[in-house]
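A.B. asks:
Residue numbers (my numbering): 1 to 807.
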């Protein structure tokens with residue numbers, strides 16, 4: 001592997017300025033690396049030991065160190081806190097600092113809030129906090145368990161950004177804050193998303209790990225059941241799935257809001273949503289549910305109300321007789337009431353023998369191991385600090401004990417001395433004292449040398465020596481230190497632990513399956529299709545002439561059907577598109593929707609016909625005895641249902657004179673946006689028209705006409721019934737320069753079609769005037785000179801829905 005060679009920097013001096021020329025690629029690479037490391041270690045990722053990002057740590061430290069904002073003191077303006085944080089510890093934007101402080105005060109964001117906010121600090125609806133000039137804050141009680149041991153040299157410190165102060169590298173946390181409150185952040189090339197957990201469960205797991213360092217993640221999960229979100233909700237993952245997340249440090253947690261059904265008068269019911277997924281705005285859920293109800297997507301629901309106070313209470317009015325569980329199944333699928341929480345247990349891990357840290361993705365056991373090791377070191381440093389303080393005091397008291405038996409000599413010596421320095425020197429020489437002891441003696445008030453005060457000092461000396469002895473014994477015993485760690489963890493758990501809010505593991509039998517059919521509003525509708533490809537769904541209308549169309553456009557078809565039934569659209573490229581009528585957006589105004597919005601058309605593709613699959617709209621069925629005999633039901637795809645042949649047949653003829661007959665039942669199931677082929681056409685060829693068999697196949701006739709005036713009339717049964725999309729058979733043999741421009745499926749001899757001449761005149765063609773011949777011929781001449789441009793579309797009639805008396 002070859003090493004990259006960089007050019008050396010060159011310095012150019014111009015007057016009093018020195019300009020250094022450096023390679024651009026090398027400089028940008030190094031500076032981006034510096035930026036990435038800064039974001040990773042100083043902005044976005046939390047430390048595994050105290051679970052805080054730098055901005056959070058500096059906010060808490062400033063509130064404790066600069067303002068002494070303990071829970072027993074009055075809060076101060078948030079602006080003052082933000083100002084001191086920016087001015088002394090975190091030289092970044094004020095909005096970032098205030099947002100971080102506000103989040104630590106939100107009980108719906110943190111499982112154990114660290115800031116006690118007074119005023120508007122936002123809401124579960126996603127409302128932002130009030131400006132920092134209005135709100136006030138102080139430390140929450142739990143924050144003291146992160147900060148209270150700072151004055152005992154329990155953690156390392158570092159200079160602040162301007163070198164005028166010192167800040168802790170981490171806080172001496174007494175509980176695993178990283179797991180309890182979680183964290184989220186995006187760095188450069190990595191991110192973190194750690195869910196909150198129940199404090200009692202986490203401390204129990206940490207204690208179990210102290211007792212048995214060889215325990216597995218499965219053993220730890222006997223205590224930590226899974227994440228415990230402040231907003232409650234329900235985890236749908238199985239125990240094995242949660243274990244996989246904890247073992248790998250990554251995975252997905254499926255969250256779902258909880259609900260209950262409350263019965264009301266007159267047989268009505270209400271669904272009450274009592275918890276929502278973590279990090280989801282309650283107002284977003286309410287708005288989304290309201291939109292779905294207004295769009296009539298959930299016929300089981302009538303209205304939604306937000307009756308929340310301190311607890312979540314979203315009330316859904318249920319249609320009388322409707323199943324609430326079916327309504328909730330739709331909401332879980334189509335609203336944020338159910339979502340996924342992507343777990344990423346990435347955090348900063350301390351480097352051994354260094355004050356630095358590195359990012360790493362840890363598993364549950366590694367996080368707890370690093371915390372308890374840190375806690376052990378913190379407790380040990382605290383006792384070492386206490387021992388140093390005790391030994392300093394014992395040393396001073398030993399000096400007093402020496403002089404207590406010679407007070408008269410001490411006083412005489414001091415009276416004969418020339419100032420404090422001379423007195424100190426004489427005391428050190430006479431009584432074998434050091435500078436610290438003599439300084440303490442000389443600073444002592446005279447009344448402290450009374451009999452009573454002397455006794456107090458001697459008692460204090462004995463007490464201090466006993467304490468020092470106990471601490472030395474404790475520091476000399478690792479098991480005893482671990483016992484202290486466990487005891488202190490138990491104290492924190494007793495103070496702050498509460499019941500789990502997030503439930504885990506709903507049984508599969510309780511799951512309500514999402515069934516799209518259950519949410520369709522069954523009502524009759526009219527579909528209009530225009531030449532330009534506009535599809536419009538409206539309610540029942542009485543006059544098609546009032547249908548809105550663009551200038552120059554006209555209707556191709558008007559269909560009736562229920563919103564729960566399907567409709568088939570046929571294009572000139574041989575594709576059939578099946579869609580449920582209810583899935584076509586209702587057109588309250590305008591021209592409707594272009595077909596390209598519903599289906600994926602190719603260039604030049606357009607609609608030429610449509611067919612409603614509503615049984616009430618179905619035309620007379622062809623006689624089964626007249627159908628082409630096949631060994632099996634002719635289907636175009638495997639999803640066509642049994643009995644599809646009873647729906648009916650259709651015929652299509654292309655511009656080259658090829659024809660095909662097929663079963664409509666093959667297209668009764670909804671298709672994709674790409675549709676399904678019913679006929680194969682070549683480049684430059686297209687389907688002219690579709691004809692639907694309304695009566696007997698035996699009496700039906702195929703009438704086709706070409707551009708150059710050739711016309712052919714043949715029996716419909718001559719066109720073979722195909723079991724799949726194909727080219728079909730030749731209906732009329734055309735000259736190379738000729739093309740088919742009209743096709744009609746006629747039911748009887750008196751039926752006719754009208755052809756449009758080049759000069760704009762119309763030529764009616766009645767079947768009884770022409771001889772019926774076999775397919776494949778050249779047909780009859782219709783005109784001697786000129787040509788046809790197309791056929792005249794028949795008038796579109798308004799479909800009629802049968803009444804109950806018609807059945």
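Think of the CB as a built atom: it goes at the ideal place given N, C-alpha and C, for glycine as much as any other residue. For clarity, every value in this text was computed on a predicted model and none was experimentally measured.
#1: Closer than 7 Å by C-beta to residue 808: which residues in its own chain qualify, once you throw out the five before and the five after it? Chain order, please.
#2: To the nearest angstrom, report how far apart residue 620 and residue 660 are at their CA atoms.
#3: With DSSP as the reference, label residue 131 as helix, strand or coil.
#4: Out of 599, 571, 577, state which residue places its alpha-carbon closest to the alpha-carbon of residue 608.
#5: Does the separation of the CB atoms of residue 149 and residue 392 fall below 8 Å?
#6: To the nearest angstrom, how far is it from the Cα of residue 636 to the Cα of residue 768?
#7: Any contact of the stretch 596-611 with the stretch 571-583, i.e. 3+ C-beta pairs under 8 Å?
#8: The ligand SAM heavy atoms versus the CB of residue 119: any closer than 7 Å?
#9: For residue 32, does the count of other Cβ atoms within 10 angstroms reach 16, so buried, or fall short, so exposed?
#10: Would you verify that the beta carbon of residue 802 is, or is not, closer than 8 Å to some beta carbon of chain B?
#11: Based on DSSP bridge pairs, tell me the residues matched to residue 215.
#12: On the CB-based measure, 16 or more other CB atoms within 10 Å of its CB, does residue 213 come out buried or exposed?
#13: Taking the Cβ atom as the reference point for each residue, do residue 301 and residue 316 lie within a distance shorter than 8 Å?
#14: Pick from 657, 684, 346: whose alpha carbon is nearest that of residue 705?
#15: Whole angstroms are fine: how far does the CA of residue 663 sit from the CA of residue 642?
#16: Do residue 178 and residue 353 count as a contact pair if the criterion is CB distance below 8 Å?
#17: Whole angstroms is fine: what's the gap from residue 434's alpha carbon to residue 43's?
#18: Run through the DSSP bridge pairs and tell me what residue 412 is partnered with.
#19: Please report the straight-line C-alpha distance between residue 628 and residue 291, rounded to a whole angstrom.
#20: Which residues bound the alpha helix (DSSP H) around residue 334?
#21: Just the C-alpha distance for residue 748 and residue 286, rounded to the nearest angstrom, thanks.
#22: Could you name the residues of the same chain whose beta carbon sits closer than 6 Å to that of residue 741, not counting the 5 residues immediately before and after it, in chain order?
#23: In chain order, which beta strand (DSSP E) runs of at least 3 residues are fully inside the stretch 535-592?
#24: How would you call residue 231, buried or exposed, if buried means at least 16 neighbouring beta carbons within 10 angstroms?
#25: Buried or exposed: residue 237, going by 16 or more other Cβ atoms within 10 Å of its Cβ?
#26: Could you tell me which residues DSSP pairs with residue 818 in its beta bridges?
#27: Taking 8 Å as the cut-off, decide whether the C-beta atoms of residue 343 and residue 250 are in contact.
#28: Return the CA-CA distance between residue 200 and residue 221, expressed in angstroms with no decimal places.
#29: Could you spell out the range, first to last residue, of the beta strand (DSSP E) harbouring residue 116?
#30: For residue 808, which three-state DSSP category applies?
#31: Among residues of its own chain, excluding the 5 on either side of residue 283, which ones have a beta-carbon nearer than 7 Å to its beta-carbon?
#32: Do residue 289 and residue 304 count as a contact pair if the criterion is CB distance below 8 Å?
#33: I believe residue 114 touches residue 140 by the beta-carbon criterion, under 8 Å. Please report the beta-carbon distance rounded to the nearest angstrom.
#34: Can you pull the DSSP bridge partners for residue 721?
#35: Grab me the residues of residue 751's own chain with a C-beta within less than 7 Å of its C-beta, minus the 5 sequence neighbours each way, in chain order.
#36: Assuming residue 228 contacts residue 500 (C-beta within less than 8 Å), just tell me the rounded distance between them.
C.D. replies: On the basis of the supplied data:
#1: As shown, the chain starts at 1 and ends at 807. That puts residue 808 outside it, with no answer to give.
#2: Its pLDDT being 36, under 50, residue 620 is placed unreliably by the model, and nothing is read from it.
#3: coil
#4: Selected option, being the one with the closest Cα: 571.
#5: no
#6: Low confidence applies here, because residue 636 scores a pLDDT of 38, under 50, leaving its location unreliable; read the following figure in that light. Near 35 Å, if we compare the C-alpha coordinates of residue 768 and residue 636.
#7: yes
#8: Because no ligand of any kind appears in the structure shown, any question about the ligand SAM cannot be addressed here.
#9: By the neighbour-count rule (16 or more Cβ atoms within 10 Å), residue 32 is not buried but exposed.
#10: This model lacks chain B altogether, as it is built from one protein chain only.
#11: DSSP, once it has assigned bridges, lists no residue as partnering residue 215.
#12: Residue 213 is exposed by the Cβ-count criterion.
#13: yes
#14: 657
#15: The pLDDT assigned to residue 642 is 41, lower than 50, so where the model puts this residue is not dependable; a value taken from the coordinates is nonetheless given after this. If I take the Cα positions, the gap works out to 12 Å.
#16: no
#17: Their Cα atoms are separated by approximately 49 Å.
#18: According to DSSP, residue 412 bridges with nothing at all.
#19: Caution is warranted here: a pLDDT of 36 is assigned to residue 628, below 50, making its placement in the model unreliable, and the coordinate value is therefore given only provisionally. Rounded to the nearest angstrom, the two C-alpha atoms are 51 Å apart.
#20: 324-334
#21: Their backbone Cα atoms lie some 60 Å apart in a straight line.
#22: 707, 788, 790
#23: 555-562, 566-571, 575-580
#24: Classification for residue 231: buried.
#25: buried
#26: No answer is possible for residue 818: the residues shown for the chain start at 1 and end at 807.
#27: A distance below 8 Å separates the beta carbons of residue 343 and residue 250.
#28: 13 Å
#29: Element bounds for residue 116: 115-118.
#30: Coverage of the chain is limited to positions 1 through 807, which leaves residue 808 absent and any answer about it impossible.
#31: 125, 126
#32: Taking 8 Å as the Cβ cut-off, residue 304 and residue 289 qualify as a contacting pair.
#33: 5 Å
#34: 661
#35: 767
#36: 5 Å
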